[in-house]
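Just below is one structure, and these are the notes that go with it.
Residue numbers (this note's numbering): 15 to 416.
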């Protein structure tokens, strides 16, 4: 029986002599790895006379997360809970998700509710990458060291069965040689910067996931291609450069707040640099101005060198966190590219609103499930009261007959 329960609430308790059950929680076993859907099993003990449908498990309320200092991240709303009892006082709680875990660790707080009690339990689990688990299995099955050296292993093929067989085979390494660490091969996409490109558009079009902000993507691209940016500023990218695109995991290592702050700081440095040379940016965000045009109009000496694409950042606070720019187009082409960049900014704002809407929808769903859980607990309590009243009536009738 699958249950996905959201925000919990204070448990309804009814203390009846001889009927109070003290549910216990034992050890847990993690069954998934990094970048895989989450799966974990928790041992349940002292279930006694409880039925599986009487044990309601959910994420703890937001105030409980705040009390212990744990962030209730959006990913946690994807967790589902399945309770199985063996009828002998034991059981298992299965916790799983449909989406893969991208962070190396996961912290969360679980609330257990049953008709006569309530229990809170905090978990912090570390997730190893699948390659690490394969290495552990390979090392555990390796034979004792000898002086013989086996042939170099062949490249792994994509068939899962072949990979498992290769991982299970023992490897013998000479005692005088150290085992080399496995090299992770990342299949990266690449992009060649064109004259009419904008960094904003490049980052927007190459995001590995819609939930990633353009600012995060910009900073991740810059960190992978430091030589492509003049003076380490994302507003100055060299024309013709081949940019390596980051993976989703690499981008998510950069928080949205960090990306906004860093890109905004680079924008401020860029504007200060232009103003120091007598070039004033227009009051309205001009996302398509080029260094060559500015230098020609002002008589300054900041014309970019050959092969450089100069990117001018927007000046309004609403778009200060994103760098953008163009090549050398002027006139109608420049106006068109400026419009494209303004549309890109609006796309990013729409994306932010979409993520906020998803968060609000998730919270609304949690509240709806909270009401359903309350109704279930109330029904369980009423059923138990009715059962007690019926037993009491039968006992009184038996005493009257005696």
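Where is the CB? At the ideal position from N, CA and C, for every residue including glycine.
### Query
Where does residue 177 sit, in a helix, a strand or coil, going by DSSP?
Residue confidence is low: residue 177 scores 36 on pLDDT, short of 50, so the model does not pin down where it sits. Its coordinate-derived value is still stated next. In this structure, residue 177 counts as helix in the three-state DSSP scheme.
### Query
What number of angstroms, rounded off, separates the C-alpha of residue 272 from the C-alpha of residue 227?
11 Å
### Query
Do you know how far the Cα of residue 400 is from the Cα of residue 409?
Rounded to the nearest whole angstrom, the C-alpha separation of residue 409 and residue 400 is 14 Å.
### Task
With DSSP collapsed to three states, give me the class of residue 207.
coil
### Message
Give me the residue from 256, 234, 75 and 65 with the minimum Cα distance to residue 204.
### Response
That would be 256, whose Cα lies nearest to the Cα of residue 204.
### Query
What separation, rounded to the nearest whole angstrom, lies between the Cα atoms of residue 123 and residue 137?
Residue 123 and residue 137: Cα-Cα distance of roughly 6 Å.
### Query
Just how far apart, CA to CA, sit residue 283 and residue 275?
12 Å
### Task
To the nearest angstrom, report how far apart residue 277 and residue 247 are at their CA atoms.
Spanning the alpha carbons of residue 277 and residue 247 requires a straight line of approximately 9 Å.
### Message
If you reduce the DSSP assignment to three classes, tell me which class residue 264 lands in.
### Response
helix
### Query
Can you tell me whether DSSP reads residue 231 as helix, strand or coil?
helix
### Query
In chain order, what residues of the same chain lie with their CB nearer than 7 Å to the CB of residue 217, ignoring the 5 residues before and after it?
228, 231, 232 and 235
#### Entry: Beta-carbon contacts of residue 18 that lie in its chain and below 6 Å, excluding the five residues immediately before and after
Any reading at residue 18 is ruled out, since the residue's pLDDT is 33, under 50, leaving its predicted position unreliable.
### Message
Quick check: the stretch 110-119 against the stretch 63-72, are at least 3 beta-carbon pairs closer than 8 Å?
### Response
no
### Message
Just to confirm my understanding: we take residue 105, look at its own chain, exclude 5 residues before and 5 after, and list those with CB closer than 7 Å. What are they?
### Response
58, 61, 97, 98 and 99
### Task
Look at the alpha carbon of residue 130 and the alpha carbon of residue 40, and state the distance between them as a whole number of angstroms.
So the alpha carbons of these two residues sit roughly 19 Å apart.
#### Entry: Beta-carbon contacts of residue 92 that lie in its chain and below 7 Å, excluding the five residues immediately before and after
111, 112 and 113
### Task
Tell me whether the beta-carbon of residue 251 lies closer than 8 Å to the beta-carbon of residue 207.
yes
### Task
Compare the C-alpha of residue 102 against each of 37, 223, 134 and 363 and name the closest.
When C-alpha distances from residue 102 are compared across 37, 223, 134 and 363, the shortest belongs to 37.
### Task
Between the Cα of residue 42 and those of 140, 89 and 75, spot the shortest distance and give me the residue it belongs to.
140
### Query
Going by DSSP, what residues sit across from residue 39 in a beta bridge?
Looking at the DSSP assignment, residue 39 forms a beta bridge with 58.
### Query
Is it buried or exposed for residue 209, if we count other Cβ within 10 angstroms and need 16 for buried?
exposed
### Task
Would you check if the distance between the CB atom of residue 225 and the CB atom of residue 369 is smaller than 8 Å?
yes
### Task
Identify every residue that forms a DSSP beta bridge with residue 284.
Bridge partners of residue 284: none, in fact.
### Task
Kindly give me the distance between the Cβ atoms of residue 90 and residue 73, rounded to whole angstroms, as I take these residues to be in contact under 8 Å.
6 Å
### Message
I'd like the list of long-range same chain contacts for residue 175, defined as Cβ closer than 8 Å, with 5 residues on each side in sequence excluded.
### Response
Confidence in residue 175 is poor, its pLDDT being 36 and thus under 50, which makes the residue's placement unreliable; the coordinate value appears in the next sentence. Once the five neighbours on either side are set aside, residue 175 has no close Cβ partner at all.
### Task
Measure the C-alpha to C-alpha separation of residue 379 and residue 290 and round it to an integer number of angstroms.
53 Å
### Message
In whole angstroms, give me the CA-to-CA distance for residue 119 and residue 47.
### Response
10 Å
#### Entry: Reduced DSSP secondary structure (H/G/I, E/B, other) of residue 88
Helix.
### Contacts around residue 223, its chain only, beta-carbon distance under 7 Å, and the 5 residues preceding and following it disregarded
If the five residues before and after residue 223 are omitted, its C-beta is found closer than 7 Å to the C-beta atoms of 262, all from its own chain and listed in chain order.
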